[in-house]
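Read in order, the letters of the sequence shown are residues 4 to 127 in the working numbering.
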Amino acid sequence: MNSKRPVNLDLGKFHFPLPAITSILHRISGIIIFIGVAFMLYGLDVSLSGEEGFARVSELLDSFLAKLIAWGILSALLYHLVAGIKHLLMDMGIGEELESGRLAAKATVVISVILIVLAGVWVW
4 MNSKRPVNLD
14 LGKFHFPLPA
24 ITSILHRISG
34 IIIFIGVAFM
44 LYGLDVSLSG
54 EEGFARVSEL
64 LDSFLAKLIA
74 WGILSALLYH
84 LVAGIKHLLM
94 DMGIGEELES
104 GRLAAKATVV
114 ISVILIVLAG
124 VWVW
């Protein structure tokens, strides 16, 4: 059989448009939030267990790594919020055309970056 179909696909050669990238990142941010909520709920449970637990969690949250993880979870939450609003608008028929979809993807990235930087200032 003489087939011209590719045998091995090199995913590095694919170039996704910005709307596709923002949609994929929306799904990834949802996974990060799902995993991050488990850690945050554990910290809440420990902090509510008593004064010692609260002091332990408070001391832990003063470390650089904990602030970085909290900022990461908060960043995922903010991106997911902005991209979710974009998806809701598209579900209502706003921004479904090709050019407006690209513009909405750019706006999603810009607004998310601004909110994530502000969250970083707030965390630190």
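Yeah, the Cβ is synthetic: ideal placement off N, Cα and C, and Gly gets one too.
Taking all protein chains shown into account, decide if Ile27 is buried (16 or more other Cβ within 10 angstroms of its Cβ) or exposed.
For the purposes of this step, residue 27 is taken as residue 24 along the sequence shown, with counting starting at 1. Exposed, since its Cβ has fewer than 16 Cβ neighbours within 10 Å.
Would Ser103 be called buried (16 or more neighbouring beta carbons within 10 Å of its own) or exposed?
The residue labelled residue 103 in the question sits at position 100 within the sequence shown. Its Cβ having fewer than 16 others within 10 Å, Ser103 is exposed.
Determine whether the beta carbon atoms of Leu118 and Val85 lie at a separation below 8 Å.
The residue labelled residue 118 in the question sits at position 115 within the sequence shown. The residue labelled residue 85 in the question sits at position 82 within the sequence shown. In this structure, Val85 lies closer than 8 Å to Leu118 by Cβ.
6 Å CB neighbourhood of Phe57 in its chain, flanking five on each side removed
Position 54 of the sequence shown holds residue 57. For Phe57, where only same-chain residues beyond five positions count, the Cβ hits under 6 Å are Ser50.
Given this structure, state the Cα-to-Cα distance separating Glu100 from Ser52, to the nearest angstrom.
Residue numbering aside, residue 100 sits at position 97 when the sequence shown is read from its first letter. Residue numbering aside, residue 52 sits at position 49 when the sequence shown is read from its first letter. Using only the alpha carbons, I get a separation of about 53 Å.
Counting C-beta neighbours from all protein chains within 10 Å, is the total for Ser78 16 or more, i.e. buried, or is it exposed?
Counted from its first residue, the sequence shown places residue 78 at position 75. By the neighbour-count rule (16 or more Cβ atoms within 10 Å), Ser78 is buried.
Which two residues bound the contiguous alpha helix (DSSP H) that contains Phe67?
For the purposes of this step, residue 67 is identified with residue 64 of the sequence shown, where counting begins at 1. Per DSSP, Phe67 belongs to the alpha helix (DSSP H) from Phe67 to Asp94.
Candidates Lys7, Met93 and Ala73, of which the one nearest Val124 by Cα:
Here the question's residue 124 lines up with position 121 in the sequence shown. Measuring from the Cα of Val124, the nearest candidate turns out to be Ala73.
Boundaries of the alpha helix (DSSP H) in which Arg8 is found, first to last residue:
Looking up residue 8 in the sequence shown gives position 5. Segment: none, Arg8 is in no alpha helix (DSSP H) and carries neither H nor E.
Could you check which residue in Tyr82, Leu47, Leu91 and Leu12 has the C-alpha nearest to that of Ile36?
As a working mapping, residue 36 is identified with position 33 in the sequence shown. Nearest of Tyr82, Leu47, Leu91 and Leu12 to Ile36, Cα basis: Tyr82.
Just the Cα atoms here: how many angstroms apart are Ser59 and Ile24?
In the sequence shown, residue 59 corresponds to position 56, counting from 1. In the sequence shown, residue 24 corresponds to position 21, counting from 1. Note that residue 59 corresponds to Arg in the displayed sequence, not to Ser. Computed Cα separation, rounded: 39 Å.
Considering only the alpha carbon of each residue, which of Lys7, Val116, Ile76 and Phe17 lies closest to Ile1?
Lying outside 4 to 127, the shown extent of the chain, residue 1 is not represented and no answer is given.
Measuring only the C-alpha atoms, how far is Lys89 from Glu55?
Taking the first residue of the sequence shown as 1, we reach residue 89 at position 86. Taking the first residue of the sequence shown as 1, we reach residue 55 at position 52. Cα to Cα, the separation comes out at about 43 Å.
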